[in-house]
Amino acid sequence: MKRPTLKISYNAPVTITFALLALLALAAGWLSNGWTTVSLFSVYRCPLSDPLAWVRFFGHVLGHSGYAHYIGNMVLILVLGPNLEDRFGSWTVLWAILFTAFVSGLVQFIFFPGTALLGASGLVFMMILLSSFGGVRNGAIPTTLILVSIFYLGGELWDAIFVDDNVSQLTHIIGGLCGTVLGFSLSGRKR
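The opening position of the sequence shown corresponds to residue 1498 in this note's numbering, with each subsequent residue numbered one higher.
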């Protein structure tokens, strides 16, 4: 009996490419002593006439403050992303990433002029909530969606009110809301 040959499959092109681009952004930040992280991969209030402002509305999800921040987000993205690409297709997942990046970047730009935002945690929350829509059938809301919403978004609301840290819980909540909106709009639709 002939043994099958093992091949490496680029099984989730959007997810894997995103993780690699974020790793390149992290390396660029390290090599440039933080210049690229601030200039390209963080969103903050600046004149809209600055062409890089528009890059930052999307690019902030590629930026991370360090390796631990990067790994914390990428492990979850690499677990959730392939399933979402299988269910909805790579183009839909790419659109969901761009939509969530823009919405969270815009909220940061408008409402928090004195701070910068970077990282993919909003995308993680979008993917978590979007993944929990896997059981939507005949208009019924799955219990998993309710529990995930309570645990993740409830935890973020708690932290936003009672915990003083350097984490943008609002970005997590926005990501979760984007995932919920996308989940309802895509439920029942398979690739």
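Idealized CB from N, CA, C, for every residue including glycine.
Just so it is clear, the structure is predicted and the values come from calculations on it, not from any experiment.
Do you know offhand how far residue i's Cα is from residue j's?
i	j	result
Ser1546	Leu1559	22 Å
Gly1531	Pro1544	21 Å
Leu1615	Gly1556	8 Å
Pro1639	Ser1587	24 Å
Tyr1541	Gly1652	26 Å
Ser1629	Lys1499	41 Å
Ile1671	Thr1502	44 Å
His1669	Ala1565	18 Å
Leu1674	Leu1626	8 Å
Leu1537	Phe1648	33 Å
Pro1548	Ile1513	27 Å
Thr1534	Ala1637	43 Å
Ile1643	Ser1529	44 Å
So the alpha helix (DSSP H) residue i belongs to, where does it begin and stop?
i	result
Ala1643	As written in the sequence, residue 1643 is Ile, which differs from the Ala given in the question. Here the alpha helix (DSSP H) through Ile1643 covers Thr1640 to Val1645.
Val1552	Pro1548 to Gly1556
Asn1580	Tyr1564 to Phe1585
Phe1515	Pro1510 to Leu1528
Leu1667	Gln1666 to Leu1683
Quickly, what does DSSP pair residue i with across the bridge? List them, please.
i	result
Val1540	Leu1614
Count Cβ pairs between the segment 1617 to 1629 and the segment 1553 to 1571 that sit closer than 8 Å; are there 3 or more? At 8 Å Cβ cutoff, the stretches touch.
For the structure I just gave you, are there three or more beta carbon pairs, one from the segment 1585 to 1593 and one from the segment 1601 to 1610, closer than 8 Å? No contact exists between the segment 1585 to 1593 and the segment 1601 to 1610.
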